[in-house]
Amino acid sequence: MGQSGQLLLALETGGEQVAIALYDGSVIGELLYDAGREHTATVLPRVRELLTDNRRSIRDVSAVAVTMGPGSFNGLRVGMSIAKALSYALDVPLLGVLTLDALAYPHTALGYPIRAFVSAGRGRVVYADYRRQGVAWVRDSFLRSVRIDELAEGLISPTVLAGTLSTEQEQLLRGHPAVILPPPSLRQLRPAWIAELAFHRWRAGEADPVATLEPVYVHGGGAEMIPPVQLPVSYEARSGQE
Amino acid sequence: MIILGIETSCDETAAAVVQDGRFVLSNVIRSQVDLHERYGGVVPELASRRHVTTIIPVIDLALEQAQVGPSMLDALAVTEGPGLAGSLLVGVNVAKTLAFVWEKPLIPVNHLEGHIYANWLTLPGREEVPEPSFPLVCLIVSGGHTELVLMRGHGDYILLGRTLDDAAGEAFDKAARLLGLGFPGGPAIQKAAERGRPGRFNLPRAWLGDSYDFSFSGVKTALLRILEQYQRRPPRRVTTRQPFPEYVAPEYGPNVPIADLAAEFQAAVVEVLAEKTARAAREFGATMVLLAGGVAANAALRQRLQELSPVPVSYPPPILCTDNAAMIAGAGFYLAQRGVRAGLDLDVHAQLPLVTRMLIQTTVP
Ligand SMILES: [Zn+2]
Chain A
1 MGQSGQLLLA
11 LETGGEQVAI
21 ALYDGSVIGE
31 LLYDAGREHT
41 ATVLPRVREL
51 LTDNRRSIRD
61 VSAVAVTMGP
71 GSFNGLRVGM
81 SIAKALSYAL
91 DVPLLGVLTL
101 DALAYPHTAL
111 GYPIRAFVSA
121 GRGRVVYADY
131 RRQGVAWVRD
141 SFLRSVRIDE
151 LAEGLISPTV
161 LAGTLSTEQE
171 QLLRGHPAVI
181 LPPPSLRQLR
191 PAWIAELAFH
201 RWRAGEADPV
211 ATLEPVYVHG
221 GGAEMIPPVQ
231 LPVSYEARSG
241 QE
Chain B
243 MIILGIETSC
253 DETAAAVVQD
263 GRFVLSNVIR
273 SQVDLHERYG
283 GVVPELASRR
293 HVTTIIPVID
303 LALEQAQVGP
313 SMLDALAVTE
323 GPGLAGSLLV
333 GVNVAKTLAF
343 VWEKPLIPVN
353 HLEGHIYANW
363 LTLPGREEVP
373 EPSFPLVCLI
383 VSGGHTELVL
393 MRGHGDYILL
403 GRTLDDAAGE
413 AFDKAARLLG
423 LGFPGGPAIQ
433 KAAERGRPGR
443 FNLPRAWLGD
453 SYDFSFSGVK
463 TALLRILEQY
473 QRRPPRRVTT
483 RQPFPEYVAP
493 EYGPNVPIAD
503 LAAEFQAAVV
513 EVLAEKTARA
523 AREFGATMVL
533 LAGGVAANAA
543 LRQRLQELSP
553 VPVSYPPPIL
563 CTDNAAMIAG
573 AGFYLAQRGV
583 RAGLDLDVHA
593 QLPLVTRMLI
603 QTTVP
């Protein structure tokens, strides 16, 4: 499936788990590791390692994707700085991906509404809601910052929760009648999900401005309005069309 | 040797191209003063955010103005610390990435060392600056730092003294806030002091015995005590819809002697800085005294130091006193001569000291 001149590098550095993917229409290589707070020291060496392991050079990269958050502000800035510099130095398109979109993406197959969330530290999470609209999936909610125990509040119909939880938090949410909790490995952000979302936009001719693209900063207790989006690929919808 | 320097340690986003550590080919600085003004000081989170959206255009402009393409660069130099961690990491990650793609050596530079090496730089179209001679004494004074350094050769530093509390520039910022003079404090106080008379009030000078250390918290507190007598409403922090509280200046009665207080405050800070620097120049047989950092642009400090110093005093033009990347590229050249290199694992060091080899001042010869 992959073609030369189609190599996309994707980065997510907004959490302790750093995700890096190489993608050209199918997954070439993925790396997911626990960086703790050592993002600046570790991300670029790992990018180089992933390229080398897959017999690619940085010069082969023809598009760069980066998550825009929500997440740790400093963590996000590491990925954003690297991605922007890659895009500038290689003169290739830059694509920002909302971290929540990538988390929601694989669950569109189930057909239930999705609430994707990331940890915002100090017992808080930031979430957005995704629902089916015809054959497509849309995010049209605010990004909201709530306490983790408020995450399922207001859910009436069965909804998939997509995001990483501690065992304790999982117990808390399992009792909720409207909550569907997929297995942990399906709720943890995978590098290729980011790459695939960005790849679709890139092949559609889209790109984000290298100078001014910036992370989404959601403060504790706050809410950010992010323009509504239609998830670029719902594989259920696509299989129905093609 | 042509080096691209990158500097994002505080609230200026800067990139510059410098040849052989001496000649500035371009020097681009995006100041964030407009952004931090209403907060009465630098808000670290906002500074970091601004770097993310200015760094690439600033680098692009620096290369364009120098008419230097990536292939003509011999190396990149970047500030690794000290500074604000969230700000530093933007420059460090961008610099590492560019060095990786362009396959150039990367040189990590201490921000303070950069300030010192601003004294080696000649701006485009200006008469060549004579190379400073060793041994020399350098006073680095800025919003983040107050360090008195003996330099016996390139990269050979002995820290003689430093501030025990506020940096000199920080003291100016805080005093300007109290006096309702705005941000940044140094230029604001210097301007107000021109209309005032030092000596009408008596603010304390912290001599700290024979030590070369400094302290500016006492003089700030003394200023606060005097101002309280005139105060109608104390300064406040207000949170509107912003997550960052804004600063509202205090209100004073009509007779508050702002100009005289500004003049006395400036005199108190300048007197100690100039006196200790001149004394160090005598004690260590310096051939010259260098000024560096944002506060080096203060006219009263320059004048007083020239009066007291036994040897010539030299300082960079104002554009090279404030944070800039030409000084980073300049220092980077001399570091490169000594084989200093960083890998892709270079990290930021918010608390990086200038003298990493020895910090013990009792070993001074
Ligand atoms: Zn500085």
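So the sequence lines, in the order shown, correspond to chains A and B. Sequential numbering from 1 applies to the first sequence in the working numbering. Sequential numbering from 243 applies to the second sequence in the working numbering. Just so it is clear, CB atoms sit at the ideal spot from N, CA and C, and this is done for glycine as well.
Among the options, the one whose alpha carbon lies nearest that of residue i
| i | options | result |
| --- | --- | --- |
| Ala-578 (chain B) | B:Ala-413, B:His-396, B:Arg-524 | B:His-396 |
| Glu-38 (chain A) | A:Glu-150, A:Leu-172, A:Leu-76 | A:Leu-76 |
| Ser-87 (chain A) | B:Ala-327, B:Ala-258, B:Val-343, B:Leu-401 | B:Val-343 |
| Asn-74 (chain A) | A:Glu-206, A:Val-125, A:Glu-12, A:Leu-100 | A:Glu-12 |
| Val-285 (chain B) | B:Ala-256, B:Leu-305, B:Gly-328 | B:Gly-328 |
| Ala-571 (chain B) | B:Leu-354, B:Ala-522, B:Pro-560, B:Tyr-281 | B:Leu-354 |
| Pro-429 (chain B) | B:Glu-249, B:Ala-542, B:Asn-497 | B:Ala-542 |
| Asp-302 (chain B) | A:Asp-24, A:Pro-113, A:Val-210, A:Gly-14 | A:Val-210 |
| Asp-60 (chain A) | A:Leu-50, A:Leu-197, A:Ala-35 | A:Leu-50 |
| Glu-30 (chain A) | A:Val-64, A:Pro-191, A:Ser-72 | A:Pro-191 |
| Leu-402 (chain B) | B:Thr-564, B:Pro-559, B:Ala-523 | B:Ala-523 |
| Gly-311 (chain B) | B:Leu-246, B:Gly-333, B:Glu-322 | B:Leu-246 |
| Leu-421 (chain B) | B:Glu-306, B:Gly-585, B:Tyr-489 | B:Tyr-489 |
| Ser-551 (chain B) | B:Leu-381, B:Thr-564, B:Gln-274 | B:Leu-381 |
| Asp-587 (chain B) | A:Ile-82, A:Ile-28, A:Val-27 | A:Ile-82 |
| Val-379 (chain B) | B:Pro-560, B:Asp-565, B:Ser-556 | B:Ser-556 |
| Ala-491 (chain B) | B:Ala-360, B:Pro-485, B:Arg-474 | B:Arg-474 |
| Ala-35 (chain A) | A:Ala-65, A:Gly-220, A:Gly-15 | A:Gly-15 |
| Met-527 (chain B) | B:Phe-425, B:Asp-408, B:Ser-375 | Per the sequence shown, the amino acid found at residue 527 (chain B) is Gly instead of Met. Answer by Cα proximity: B:Ser-375. |
| Val-66 (chain A) | A:Gln-188, A:Leu-110, A:Ile-20, A:Leu-151 | A:Ile-20 |
Residue i burial status per 10 Å Cβ neighbour count (16 or more: buried)
| i | result |
| --- | --- |
| Arg-201 (chain A) | buried |
| Glu-389 (chain B) | buried |
| Thr-42 (chain A) | buried |
| Gln-471 (chain B) | exposed |
| Tyr-33 (chain A) | exposed |
| Val-259 (chain B) | buried |
| Met-600 (chain B) | Low confidence applies to Met-600 (chain B): its pLDDT is 39, below 50, so where it sits in the model is not reliable, and the reading given next is rough at best. When all chains shown are included, Met-600 (chain B) counts as exposed. |
| Gly-581 (chain B) | exposed |
| Val-590 (chain B) | buried |
| Asn-497 (chain B) | exposed |
| Gln-545 (chain B) | exposed |
| Met-1 (chain A) | Per-residue confidence for Met-1 (chain A) stands at a pLDDT of 46, beneath the threshold of 50, marking its modelled position as unreliable; the derived number appears in the next sentence. Result: exposed. |
| Val-480 (chain B) | exposed |
| Ser-239 (chain A) | For Ser-239 (chain A), the predicted structure reports a pLDDT of 38, less than 50, and the residue's modelled location is therefore unreliable. A value from the coordinates is still provided. Result: exposed. |
| Ser-157 (chain A) | exposed |
| Asp-53 (chain A) | exposed |
Test item: CB-CB of residue i and residue j under 8 Å
| i | j | result |
| --- | --- | --- |
| Val-351 (chain B) | Val-320 (chain B) | yes |
| Arg-56 (chain A) | Leu-22 (chain A) | yes |
| Met-530 (chain B) | Val-553 (chain B) | yes |
| Val-266 (chain B) | Ala-304 (chain B) | no |
| Tyr-399 (chain B) | Leu-596 (chain B) | yes |
| Phe-142 (chain A) | Gly-25 (chain A) | no |
| Ala-505 (chain B) | Gly-438 (chain B) | yes |
| Val-125 (chain A) | Val-146 (chain A) | yes |
| Val-514 (chain B) | Arg-447 (chain B) | yes |
Interface flag, residue i vs chain D, CB-CB below 8 Å
| i | result |
| --- | --- |
| Ile-58 (chain A) | Of the protein chains in this structure, namely A and B, none is chain D. |
Under 5 Å, CB to nearest heavy atom of ligand 1: contacting residues:
B:Ser-384, B:Asp-565
With 8 Å as the limit, tell me which residues of the region 75 to 89 of chain A have their beta carbon closer than that to any beta carbon of chain B; keep them in chain order.
Arg-77, Val-78, Met-80, Ser-81, Ile-82, Lys-84, Ala-85, Leu-86, Tyr-88, Ala-89
According to a CB-to-CB cut-off of less than 7 Å, which residues of the region 334 to 351 of chain B neighbour chain A?
Val-334, Asn-335, Val-336, Lys-338, Thr-339, Leu-340, Phe-342, Val-343, Trp-344
Taking a Cβ distance cut-off of 9 Å, strictly less, list which residues of the region 38 to 55 of chain A are near chain B, in chain order.
Glu-38, His-39, Thr-40, Ala-41, Thr-42, Val-43, Leu-44, Pro-45, Val-47, Arg-48
Please identify, using Cβ separations under 9 Å, the residues of the region 280 to 314 of chain B that lie next to chain A, in order along the chain.
Glu-287, Ser-290, Arg-291, His-293, Val-294, Thr-295, Thr-296, Ile-297, Ile-298, Pro-299, Ile-301, Asp-302, Pro-312
Members of the region 194 to 213 of chain A that neighbour chain B once the beta carbon cut-off is set at 9 Å
Val-210, Ala-211, Thr-212, Leu-213
Could you please tell me which residues of the region 584 to 598 of chain B, in chain order, have their CB closer than 8 Å to any CB of chain A?
Gly-585, Leu-586, Asp-587, Leu-588, Asp-589, Val-590
Could you please tell me which residues of the region 133 to 150 of chain A, in chain order, have their CB closer than 7 Å to any CB of chain B?
none
Near-chain A residues of the region 318 to 330 of chain B - C-beta to any C-beta below 8 Å:
Ala-327, Gly-328
What are the residues in the region 459 to 487 of chain B lying within 8 Å of chain A by C-beta distance?
Pro-485
Please name the residues in the region 380 to 399 of chain B whose beta-carbon is closer than 9 Å to at least one beta-carbon of chain A, in chain order.
none
To be precise: take each residue of the region 100 to 112 of chain A, compare its Cβ to all Cβ atoms of chain B, and keep it if any distance is under 9 Å. Which residues remain?
none
Residues from the region 499 to 513 of chain B in contact with chain A, defined by Cβ distance under 7 Å:
none
Quick one, which residues of the region 157 to 185 of chain A are near chain B if we go by CB-CB under 8 Å, in chain order?
none
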